[in-house]
Structures are given as C-alpha cells and as structure tokens.
Amino acid sequence: ASAAGKHGPAFGAVYGATKAGLIAFTQGLRGELLPVGIAATAICPAPSLTTATWNSDGRIIFATSTDRALYALREGDCEARPVTTLDEAKGEIAHGFPEQLPGSRAQIFTIQRRDGFYLAVQRFDTGEVRTLTAGQQARYLASGHLVFVRGTGLWAAPFDLDRLTLLAEPQLVESDLHL
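With the first letter of the sequence shown counted as 1, position 154 gets the number 157 in our numbering; the numbers rise by one all the way through.
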C-alpha cells in the first residue's frame, strides 16, 4: 500500500484512492484470516527518497515528503504517528535517514537545515533531540563508531551508546566519494 492511501496527495487522487482500497482490502483480509492464525499487514511507505528503520520494538520509523518529519508506524497499523518535529527557528527543512541504535532506546538521524546537513540523536523515552555534528546518513558500527557522509567524504567517530554522544572529533576515512 502507501501512506497516500491515508492522506491523498494533491494531483494524485486516483493513486491515493487505489492505495486506500488496498489498505481496506488488507484490513478485511486480516479479519478473515486471524481465526486461522494468519496475520495480514499493509505496509504503507511514505513517498520519500530517504530510508526507514524497522525497530526491535515493532515500529517502522520513516520520513515523509509532505511535512518532512519522522513518523512511526506499528506493525499491523496504517496510522503513523510523529516521532520528530521540525524546528523552524533553527532553519530545519527535513528529517531523514533514521537508524535505531543498539538497545532500542534511541535513534540517529539526519537533519537538513538551510545551511547544511547535521547528525542528530533522539532518545525515545523523552523525545529529546541533540545535534551531534555536521554530516548525514549515519550508521552505527559494532566497533562503537558512527560512520557518515560529510560533503564528498566518509567520516567516522567513536560513539558512546550510554551517553549518546561522540567521544572524539570525527576523522576523514575516505575522500572524494561519488554518491
């Protein structure tokens, strides 16, 4: 299905209507199949070029192209709930590229501002968001490092999972990437 089935896009009425039908079909099918132990779920991705993450608590966190915040969707549900809110006072344009950190208590993601891209960490229990450094598309490695893109380079920095902070200044690992 698609998030367009829940919120019809402008100039996409037919597309949104067909996706709404698919969602309704899946919900009806779920009711028919649950008595025999089969669960049906409509996955409703947002129309976005950014990635999503499927958390160990059963939530899919993704970006939307409509209001550019991050949203969470629970398994078996097609009603997404906001996880982040853009801070327009800081010039934020979009949030994207979420990734759950080990331990399921926080995520890293990219903030796009008028002046560039920044890595941020968000605690799930409080919703607190803190900017870590300039960069985008971060991934956490088992070595305890965040790796990310900054400009045309690949950068890395040691990351403390308990304090959710960088332990040192990021270092350039590879330059002149062609993304």
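Just so you know, even glycine gets a beta-carbon here, dropped at the ideal spot from N, CA and C. Remember, it's a predicted structure, so these values are computed and weren't measured experimentally.
### Message
Quick check: what's the CA-CA separation for residue 51 versus residue 36?
### Response
For the purposes of this step, residue 51 is taken as the residue at position 48 of the sequence shown. For the purposes of this step, residue 36 is taken as the residue at position 33 of the sequence shown. Any reading at residue 51 must be qualified, since the residue scores a pLDDT of 47, below 50, and its modelled position is unreliable; the value itself is stated next. A direct Cα-Cα distance of roughly 31 Å separates residue 51 from residue 36.
Given that a residue counts as buried once 16 or more other Cβ atoms are within 10 Å of its Cβ, and exposed if not, what is residue 95? Sequence index remark: in the sequence shown, residue 95 carries index 92 (1-based). Burial call: buried.
Are the segment 111-122 and the segment 76-83 touching, with three or more C-beta to C-beta distances below 8 Å? Between the segment 111-122 and the segment 76-83, the count of C-beta pairs closer than 8 Å stays below three; the two stretches do not touch.
For this session: In the DSSP assignment, find the unbroken beta strand (DSSP E) run with residue 64 in it and report its ends.
Result: Within the sequence shown, numbered from 1, the residue matching residue 64 stands at position 61. Following the DSSP letters along the chain, one finds residue 64 inside the beta strand (DSSP E) bounded by residues 62-66.
Q. Given residue 100, which residues of its chain have a CB within under 8 Å of its CB, disregarding the five upstream and five downstream residues?
A. In the sequence shown, counting from the first residue as 1, residue 100 sits at position 97. Within the same chain, 53, 54, 66, 112, 113, 139, 140 and 141 come within 8 Å of residue 100 by CB-CB distance, once the 5 residues on both sides are set aside.
- prompt: Where does residue 177 sit, in a helix, a strand or coil, going by DSSP?
  reply: Taking the first residue of the sequence shown as position 1, residue 177 is located at position 174. Strand.
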